[in-house]
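Just so we're aligned, residue 0 is where the sequence shown starts under numbering that gives the first Met the number 0, counting upward by one. Idealized CB from N, CA, C, for every residue including glycine.
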Amino acid sequence: MPGRAARPFPLAVAALAVMVIGYSRPTADRQASAGGQSGRDASGNTAPVVTIVQPDASRTWQWSAQFRYAITVTDKEDGDSAFGEIMPSEVLLDVEYLPGTPGDGLEPVRSAARADEPGLAILRKSACLNCHADKTSLVGPSFSAIADKYGDSEETIARLGRHIRNGSSGSWGSLPMPAHPNLSPQQTQDVARYIVEQGRRRHRWIYAGLEGVIRIIDRPDDDGVGFYRLTATYLDNGVAGGEGTSRRGEHSITLRLGDPATPPRDVAPPAE
Ligand code: HEC
0 MPGRAARPFP LAVAALAVMV IGYSRPTADR QASAGGQSGR DASGNTAPVV TIVQPDASRT
60 WQWSAQFRYA ITVTDKEDGD SAFGEIMPSE VLLDVEYLPG TPGDGLEPVR SAARADEPGL
120 AILRKSACLN CHADKTSLVG PSFSAIADKY GDSEETIARL GRHIRNGSSG SWGSLPMPAH
180 PNLSPQQTQD VARYIVEQGR RRHRWIYAGL EGVIRIIDRP DDDGVGFYRL TATYLDNGVA
240 GGEGTSRRGE HSITLRLGDP ATPPRDVAPP AE
């Protein structure tokens, strides 16, 4: 299993970070949590600041189009993504498709929380996402393939938890999964539950990394109006020796989806 230090810092990320310095911070950001995201808490840990610098949330995006995303993270203790100090596999983008119009939920939201949900924190911090992705297979099977194959009964969760802890081979192909003896049985069950729940969500995707390209879904059969909610998160490492002092920084934006504006049907085309 690749260790924390084994991941070379991709130069492309540095280049991209330099490119995006010209971007202005979203000004309408709402602070969703009291006290904002930047203050130090009682443990002395400062929460990370996460920013989705791409895509452009001010335009309407077309069905089936592709967009590039880029995320920056700065954290007083852990460092800055621009300098390769943040592990890309620990930066997650959650993309959710929702039908209809977003109502008043269009403006970006920033928040800082105490923690991830239990399974997600383990997934993020245990290098699982170096080998697994949510909806596509990498070295290991995708979350959706795992959910489709086994369902989500308690028996399944317990068995998958044991396989994560003890390692697994032969169920999916010729490559084995290493054991994770440092995770407790409870932790492996939490992460197994997260994987099958997330894998079953057909209109919600989790991506790891500071940048990437995402293809928007095809136009749905209904009235063709919908939106994507993008939420980038990073869970910091807390302060040295301070168990349980991690904090999570979060930034959400909304992408309006729809057909390009078409002229009303009763307007005659201009005469030649
Ligand atoms: C080095 C790559 C690698 C890492 C790291 C890794 N996995 Fe896997 N994982 C695999 C492979 C390969 C398989 C398929 C094994 C098989 O065929 O039985 C697999 C299978 C699985 C399965 C399905 C097991 C089954 O019984 O079918 C689950 C669930 C899973 N991994 C979760 C995790 C979690 C959670 C982590 C992090 C704690 C993780 N994996 C880390 C490569 C990896």
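Short Cβ contact (9 Å threshold) for I252 with A64: Not in contact: I252 and A64 (Cβ atoms no closer than 9 Å).
I121 to L97 span [Cα, whole Å]: One C-alpha to the other measures close to 27 Å.
Whole runs of the alpha helix (DSSP H) within the stretch 132-209, excluding any shorter than 4 residues: 142-149, 153-165 and 184-199
Under the three-state DSSP convention, the category P47 falls into: coil
Beta-carbon gap between S168 and M176 smaller than 9 Å: yes
Enclosing beta strand (DSSP E) for I121 [first to last residue]: Careful: I121 lies outside any beta strand (DSSP E), inside the alpha helix (DSSP H) at P117 to K124.
Nearest to S125 (by Cα), restricted to the options P101, V94, R246 and V90: When only C-alpha atoms are compared, the closest one is V90.
Any non-hydrogen atom of the ligand HEC closer than 8 Å to L174 Cβ: yes
Proximity of G248 and S141 at Cβ, strictly below 9 Å: no
Contact set for Y193: own chain, Cβ-Cβ below 6 Å, skip 5 residues either direction: G118 and L119
Member of H162, D133, A41 and G172 whose CA lies at the smallest distance from the CA of Q197: Nearest to Q197 by alpha-carbon distance, out of H162, D133, A41 and G172, is D133.
Extent of the continuous beta strand (DSSP E) to which R247 belongs: R247 to L256
C-alpha gap between V94 and V190, whole angstroms: In this structure, the straight-line span from the alpha carbon of V94 to that of V190 is close to 19 Å.
A46 and R246 closer than 9 Å at C-beta: Yes.
N- and C-terminal bounds of the beta strand (DSSP E) containing Q65: Q65 to D74
Any non-hydrogen atom of the ligand HEC within 8 Å of P140 CB: Result yes, Cβ under 8 Å from the ligand HEC.
Closer than 8 Å: K134 CB and nearest the ligand HEC heavy atom: Judged by the Cβ position, K134 fails to qualify as a neighbour of the ligand HEC at the 8 Å threshold, every heavy atom of the ligand being at least this far.
Run of the beta strand (DSSP E) containing R228, from where it starts to where it stops: G225 to L234
Residue burial classification, Q61 (beta-carbon count within 10 angstroms, cutoff 16): exposed
Nearest-angstrom Cα separation, counted from F226 out to R123: Going by C-alpha positions, R123 is about 26 Å away from F226.
Nearest residue (CA-CA) to R39, options E76, H162 and E84: E76
First and last residue of the uninterrupted beta strand (DSSP E) at S42: Unbroken run through S42: none, as it is neither H nor E.
heavy atom of the ligand HEC below 8 Å from R158 C-beta: Relative to the ligand HEC, the nearest heavy atom lies less than 8 Å away from the CB of R158.
Reduced DSSP category for E95 - H, G, I as helix; E, B as strand; rest coil: strand
Beta carbon proximity, A191 to chain C, threshold 9 Å: Within the model displayed, chain C is absent; a lone protein chain is all it includes.
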